[in-house]
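There are 2 protein chains.
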Amino acid sequence: MPDSRTPSGDQPSDQTVPKVVVSRISLYLRELQRLQAAGQQTISSGTLGALLGFSDAQVRKDLGFFGQFGYPGVGYRCDELIHAMRDILGTNHRWPVVMVGVGNLGQALLGYRGFGRQNFSIEAAFDTDPSKVGTVIQGLTIRDVAELPEVVRRLGIRLGMIVVPADRAQEVADRLVAAGIDGIVNFAPVTLTLPPHVETVAVDLAIELEQLSFAVTNKFGKPAGEGPAGAQEPR
Amino acid sequence: MPDSRTPSGDQPSDQTVPKVVVSRISLYLRELQRLQAAGQQTISSGTLGALLGFSDAQVRKDLGFFGQFGYPGVGYRCDELIHAMRDILGTNHRWPVVMVGVGNLGQALLGYRGFGRQNFSIEAAFDTDPSKVGTVIQGLTIRDVAELPEVVRRLGIRLGMIVVPADRAQEVADRLVAAGIDGIVNFAPVTLTLPPHVETVAVDLAIELEQLSFAVTNKFGKPAGEGPAGAQEPR
DNA sequence: CGGTGTGAAAGTTTTCACAGCG
DNA sequence: CGCTGTGAAAACTTTCACACCG
Chain P
0 MPDSRTPSGD QPSDQTVPKV VVSRISLYLR ELQRLQAAGQ QTISSGTLGA
50 LLGFSDAQVR KDLGFFGQFG YPGVGYRCDE LIHAMRDILG TNHRWPVVMV
100 GVGNLGQALL GYRGFGRQNF SIEAAFDTDP SKVGTVIQGL TIRDVAELPE
150 VVRRLGIRLG MIVVPADRAQ EVADRLVAAG IDGIVNFAPV TLTLPPHVET
200 VAVDLAIELE QLSFAVTNKF GKPAGEGPAG AQEPR
Chain Y
0 MPDSRTPSGD QPSDQTVPKV VVSRISLYLR ELQRLQAAGQ QTISSGTLGA
50 LLGFSDAQVR KDLGFFGQFG YPGVGYRCDE LIHAMRDILG TNHRWPVVMV
100 GVGNLGQALL GYRGFGRQNF SIEAAFDTDP SKVGTVIQGL TIRDVAELPE
150 VVRRLGIRLG MIVVPADRAQ EVADRLVAAG IDGIVNFAPV TLTLPPHVET
200 VAVDLAIELE QLSFAVTNKF GKPAGEGPAG AQEPR
């Protein structure tokens, strides 16, 4: 484009990037990390796409939203692309996170190693149940929700996870917002009402099963021959 | 359309329904169940949409993929629409499900009440760890994965959940497919290769946090400002 | 009225196809 | 060569706007 230097992530980006593109970036990153761990140095858009069930053009277009990262005739260097995608996603630095709700699911998430692998670290966990407050789970002392504002401020935390029952989720969301949080992952099966400056991502496990139920139910009412090989469709 | 009888879910559906429409159907259903529990009899597309952040037209168009369910001037009857949407999603009947992997997360999912609420029931759980096989968790006796085919056949199970580490997920998927499963929810952070007749839904918890990281990082690069995520050190 | 259902228009995302580069 | 980056075309999704209904 402007000149002919070595590829690098310059910023043509000012257009607004579709959400679905960002979710694919996460999938590219995940796959690249696997490839790198397997010793692969470079990869082409075609190969990367095939591993995930996307076209080569889609991979290139997606990356094109953020800059130029490839080498014509060669492909992309895994290490460079991983670094670039972490920059895009904001995960080249560590994110401290708070969790509210340490029931079944909350406790499991506290022990999930996958967060740390992508540079997220649950730094504090809260509950309202007095029988839980003060106990130690996965090395963390559970605190009373009343301490939320102080802890968020002291640790400079911007992200929170809601892992409480549906009927308590909005109240917890309000507390997180009041404490100054910028983004929330909501595992409760309810839609939160939030001020527009707070970002949110919803995960509803029952809905995932419903989507599968629909797909399986309607499998034999579809068009004929379906897609390429058996690559899994991304969410 | 054809005649003027009471609205009901007849099926103009043969067009292929976009996935994003199906995911909104799940959200409509969730909200309707909440409204019904709160005693509401009817709801308009505008009100329902507003509760979820969608336009009235979107709600009507989405429902239009599956039939005619509304009463002009009135809206939709909650009980009817709930039933219709369960029919669409295939959750008016109970789905028995198998789970493979009863680590941290698997055990939490075994205890999650939200599945039962939407008519899914985890009927059997498997692991390969001999120290887990034979133990009872959440009232279920954990079985050896070798028993998968027999149990799936005997209980007529069509859906499976993969809750094992990434490096074991493909092998487990192959076993589920061999056992005759039709759909898989995959919680492992890896893309599965599956035959085209097997449906799949992927849930990657770290990716959800990454999406939030991106949104928060770029919140102030949206309207006019500079520097969304491109910056990278020139090589 | 207040609301649905639905073509047609607008907007968005994906695919195509090809110039250009090492 | 093999592959990227990217306009332009195609496909798809959302919004608009309005006839019609109770």
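Going down the list, the protein sequences come from chains P and Y. Residue numbers for the first sequence follow numbering that gives the first Met the number 0, beginning at 0 and rising by one. Residue numbers for the second sequence follow numbering that gives the first Met the number 0, beginning at 0 and rising by one. Think of the CB as a built atom: it goes at the ideal place given N, C-alpha and C, for glycine as much as any other residue.
**Message:** Helix, strand or coil, according to DSSP, for Ser44/P in the structure here?
**Reply:** Of the three classes helix, strand and coil, the one that applies to Ser44/P here is helix, per DSSP.
**Positions along the region 167-196 of chain P whose CB lies within less than 8 angstroms of some CB in chain Y** = Asp181, Gly182, Ile183, Val184, Pro188, Val189, Thr190, His196
**Which residues DSSP lists as bridging Tyr70/Y, in chain order** = Answer is Gly74/Y, bridged to Tyr70/Y.
**Item:** Leu158/Y to Gly48/P span [Cα, whole Å]
**Value:** 27 angstroms
**Message:** Once DSSP output is grouped into helix, strand and coil, what is the label at Ala230/P?
**Reply:** Legend: pLDDT at Ala230/P = 39, less than 50; position of this residue unreliable, value from coordinates given subsequently. Taken through DSSP and simplified to helix, strand or coil, Ala230/P comes out as strand.
**Request:** Please state if the CB of Leu154/P and the CB of Val176/P are separated by a distance shorter than 9 angstroms.
**Result:** no
**Request:** For Ala56/Y, decide whether its Cβ has a neighbour in chain P, counting only Cβ atoms nearer than 9 angstroms.
**Result:** no
**Message:** On the CB-based measure, 16 or more other CB atoms within 10 Å of its CB, does Pro17/P come out buried or exposed?
**Reply:** exposed
**Asked** How long is the line joining the alpha carbons of Thr140/Y and Leu31/Y, rounded to whole angstroms?
**Response** 36 angstroms
**Prompt:** Is the beta carbon of Asn103/P sitting closer than 9 angstroms to the one on Ala107/Y?
**Reply:** Cβ distance < 9 angstroms, so Asn103/P and Ala107/Y count as in contact.
**Message:** Against chain P, does Arg29/Y count as a neighbour if the rule is that its beta carbon must be under 9 angstroms from one of theirs?
**Reply:** yes
**Asked** Would the beta-carbon of Arg157/P be found less than 8 angstroms away from any heavy atom of the ligand GDP?
**Response** Inclusion of the ligand GDP in the displayed structure is not the case, the ligand content being empty and no account of it being possible.
**Request:** Determine which residues of the region 59-70 of chain P have a Cβ less than 7 angstroms from any Cβ of chain Y, and write them out in chain order.
**Result:** Phe65, Gly66
**Asked** In three-state terms, what does DSSP make of Thr199/P?
**Response** The three-state secondary structure of Thr199/P, taken from DSSP, is strand.
**Partner residues on chain P for Tyr111/Y, Cβ-Cβ distance less than 9 angstroms** = Asn103, Leu104, Leu204, Ala205
**Asked** Asn217/Y to Ala168/P, Cα distance in whole Å?
**Response** Those two C-alpha atoms are separated by around 26 angstroms.
**Item:** Nearest-angstrom Cα separation, counted from Leu80/P out to Ser22/P
**Value:** Rounded to whole angstroms, the gap between the alpha carbons of Ser22/P and Leu80/P is 16 angstroms.
**Counted within 10 angstroms of its Cβ, other Cβ atoms place Gln40/P as buried (16 or more) or exposed** = Under the 10 Å beta carbon count, Gln40/P is surrounded by fewer than 16 other beta carbons and is classified as exposed.
**Request:** For chain Y, find out if any of its Cβ atoms is closer than 9 angstroms to the Cβ of Glu209/P; answer yes or no.
**Result:** yes
**Identity of the residues DSSP links to Ser120/P by a beta bridge** = Pro95/P
**Message:** Are the CB atoms of Ser44/P and Gly66/P within a distance shorter than 9 angstroms?
**Reply:** no
**Asked** Using DSSP with H/G/I as helix, E/B as strand and the rest coil, what is Leu193/Y?
**Response** It is coil, neither helix nor strand.
**Message:** If we define contact as Cβ-Cβ less than 9 angstroms, is Glu232/P a contact residue for chain Y?
**Reply:** Here Glu232/P scores only 33 on pLDDT, less than 50, and its place in the model should not be relied on; the value that follows carries that caveat. Interface residue, yes.
**Item:** Below-9 angstroms beta-carbon distance, Ala107/Y vs any chain P residue
**Value:** yes
**Prompt:** For Thr15/P, is the classification buried or exposed, using 16 other Cβ atoms within 10 angstroms of its Cβ as the cut-off for buried?
**Reply:** exposed
**Asked** Since Gly159/P sits in a beta bridge, which residues does DSSP pair it with?
**Response** Val97/P, Ile183/P
**Request:** Could you list which residues in chain Y have their beta carbon closer than 8 angstroms to that of Lys218/P, in chain order?
**Result:** Asp181, His196, Glu198
**Prompt:** With a cut-off of 9 angstroms, does the C-beta of Gly52/P fall near any C-beta of chain Y?
**Reply:** For Gly52/P, the nearest beta carbon of chain Y is closer than 9 angstroms to its own beta carbon.
**Message:** If we define contact as Cβ-Cβ less than 9 angstroms, is Met0/P a contact residue for chain Y?
**Reply:** Residue confidence for Met0/P is low, a pLDDT of 39 falling below 50, so the modelled location carries little weight; the figure read from the coordinates is stated next. Not closer than 9 angstroms to any Cβ of chain Y, the Cβ of Met0/P fails to qualify, so no.
**Prompt:** Name the chain Y residues that come within less than 9 angstroms of Ala124/P, Cβ to Cβ?
**Reply:** By Cβ distance, chain Y contributes nothing, its closest Cβ being about 14 angstroms from Ala124/P, past 9 angstroms.
**Request:** Compute the beta-carbon to beta-carbon distance between Val162/Y and Met98/Y, rounded to the nearest angstrom, for a pair I have assumed lies under 8 angstroms.
**Result:** 6 angstroms
**Message:** Please list the terminal residues of the continuous alpha helix (DSSP H) segment that includes Asp173/Y.
**Reply:** 165-177
**Message:** I'd like the span of the beta strand (DSSP E) that includes Thr140/Y, first residue to last.
**Reply:** 139-143
**Message:** Determine whether the beta carbon atoms of Leu26/P and Ser212/Y lie at a separation below 9 angstroms.
**Reply:** no
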